[in-house]
Structure formats: C-alpha cells, structure tokens
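As numbered in my numbering, residues 397 to 606 make up the sequence shown, in order.
Structure, as structure tokens:
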Amino acid sequence: MTNGEPRAGDGYHHGNLRAALLDSALEVLSEKGVDGFSMREAARRAGVSQSAPKHHFGDARGLLGALATRAYRRLCERLEAVETARRDVRERVEALAAEYVAFARDNRALFDLMWRMTQFDFGDPELMEQKHRALRALDRGLRGQDARLPDSADPALLPSYAVWSLVHGYTSLVLEGAIDEDAEDPLTSGLLPAMLRLLDVSPAAPARNP
397 MTNGEPRAGD
407 GYHHGNLRAA
417 LLDSALEVLS
427 EKGVDGFSMR
437 EAARRAGVSQ
447 SAPKHHFGDA
457 RGLLGALATR
467 AYRRLCERLE
477 AVETARRDVR
487 ERVEALAAEY
497 VAFARDNRAL
507 FDLMWRMTQF
517 DFGDPELMEQ
527 KHRALRALDR
537 GLRGQDARLP
547 DSADPALLPS
557 YAVWSLVHGY
567 TSLVLEGAID
577 EDAEDPLTSG
587 LLPAMLRLLD
597 VSPAAPARNP
C-alpha cells in the first residue's frame, strides 16, 4: 500500500472489522461533522463493501451510537485517571474540569457527537453505562473515592450536576465561538476556574425521610 489506507479485499477478522469501521467513521466525522457523516464513506475508507457496516451496526444511527459510546468511554478513562488523593474538594473539581475541557479540545468531533441525541439511540444500555460512569467519576471527585452513586433524584448529587452543567455549558459555548477572551484561549484561561469557585461544591446532605 502506498496511501496508508486498507485495500478492498485485504480482509479483516470478524472482531477487528468493527474496530476498523469505527476508526474510519471517526475520520469521516472529524472531517465532515455529524451532519455530513456518511456510512458509505466510512466503509470505503475501511476498504470494505458498502453493506459491510450493516452487519455490525445496522445503519448510520447504529454506527454513530457505537462511536458515541467509544467517546464516552475515552472521556471516562481520562476523568478516572485524574489524581485526586492529595487534593481538597476544590482542587479535585478544578482538575476534573480541566480534563473535561482537554478532552473536548482534543476530540471536538466526538464531543459534538456525544450530545446529538437525535442522531443515535441515546438509551442504548452500553452507552448509558458509560454516561453514568462519567457522572460517577465526577461525583467521586466531589465526595471521595468511596462514595456510592446515589439515586438520580438524591440531593447528594446536586453539587455534581451543578459542576457538570457549568463545565459542559462553558466548554460548549467556547467551542461554538460564543466566549472570546481577546487573544487568550478561553478553553485554557482562568475564566472557568474562577467560575467554579463561585459554586458551593460542599457535598449536599442526603434527604431525610419525614
């Protein structure tokens, strides 16, 4: 090969064709965005027939859903790798926020896809597990590594939801060009940490039964 792309007919083991299609789909997504995504183009770049992706993903929604699941998994791995043991709660929050922003900066196409809920099955069990895993990583940053993720309606989760909402909203606004700090890169400036310091990140007390 001279162009670095797999050739039609090279053949794939059943297990790694799926991974190859996800890799080629990410290439297409990164170049053309969600709205310009084509499963046919992903198959072409993987060097397989146009019908090959249907065996693994069904349709474009299935392929994008699998790609979104991969994105959530990568985000979770980065959040879980953040060192929290020797930091107080505010330091942990700022470190996790910085990693979240870094993931979005390094994976803009994937970050955009993750929240396009109409483009894939957002209720897919594997995707939902990775989404909850991200919340657990953030929540443990606030309440400690031994904290168990409470029910979604438990007030104990309020600080985690507040932090996630602020960090995600800020990151999305920056990527859309809505926040401009002159020549400074707003993703790496001190604005987000300053905003986080306005939040009360003290773990909320659990609700009491009447």
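Ideal Cβ placement from N, Cα and C applies to all residues, glycine included.
- Put simply, the backbone Cα of residue 480 is about 42 angstroms away from that of residue 451.
- In the assembly as shown, residue 525 is an exposed residue. Its beta-carbon has fewer than 16 other beta-carbons within 10 Å.
- Per the C-alpha coordinates, the member of 508, 557, 459 positioned closest to residue 568 is 508.
- For residue 435 and residue 545, the gap between their C-alpha atoms comes out near 37 angstroms.
- Restricting attention to 414, 416, 441, 415, the CA atom closest to the CA of residue 427 is found in 441.
- By the beta-carbon neighbour count (other beta carbons within 10 angstroms, threshold 16), residue 557 is exposed.
- Assigned with DSSP and collapsed to three states, residue 572 falls in coil, not helix or strand.
- Note on geometry: alpha-carbon atoms of residue 459 and residue 453 lie some 5 angstroms from one another.
- Annotation for residue 514: no alpha helix (DSSP H) segment contains it, and DSSP assigns it neither H nor E.
- For the region 438–475, the continuous alpha helix (DSSP H) assignments of 4+ residues that do not extend past its boundaries occur at 448–453, in sequence order.
- The Cβ-Cβ distance between residue 570 and residue 589 does not fall below 7 angstroms.
- Residue 488 is classed as buried because its beta carbon has at least 16 other beta carbons within 10 Å across all chains shown.
- In the structure shown, the three-state DSSP call for residue 580 is strand.
- Taking the C-beta atoms as reference points, residue 475 is found nearer than 7 angstroms to residue 495.
- Between residue 446 and residue 438, the gap from beta carbon to beta carbon reaches 7 angstroms or more.
- In the same chain as residue 472, and ignoring 5 residues on each side of it, the C-beta atoms closer than 7 angstroms to its own belong to 526, 529, 530, 533, in chain order.
- The beta carbons of residue 555 and residue 497 sit no closer together than 7 angstroms.
- Under the criterion of beta carbons closer than 8 angstroms, residue 592 and residue 553 do not qualify as touching, at roughly 17 angstroms.
- Inclusion of residue 425 and residue 505 in the CB contact set at 7 angstroms is warranted, their separation being smaller than that value.
- Listed in chain order, the non-local C-beta contacts of residue 512 below 7 angstroms within the same chain comprise 430, local neighbours out to five positions each way being set aside.
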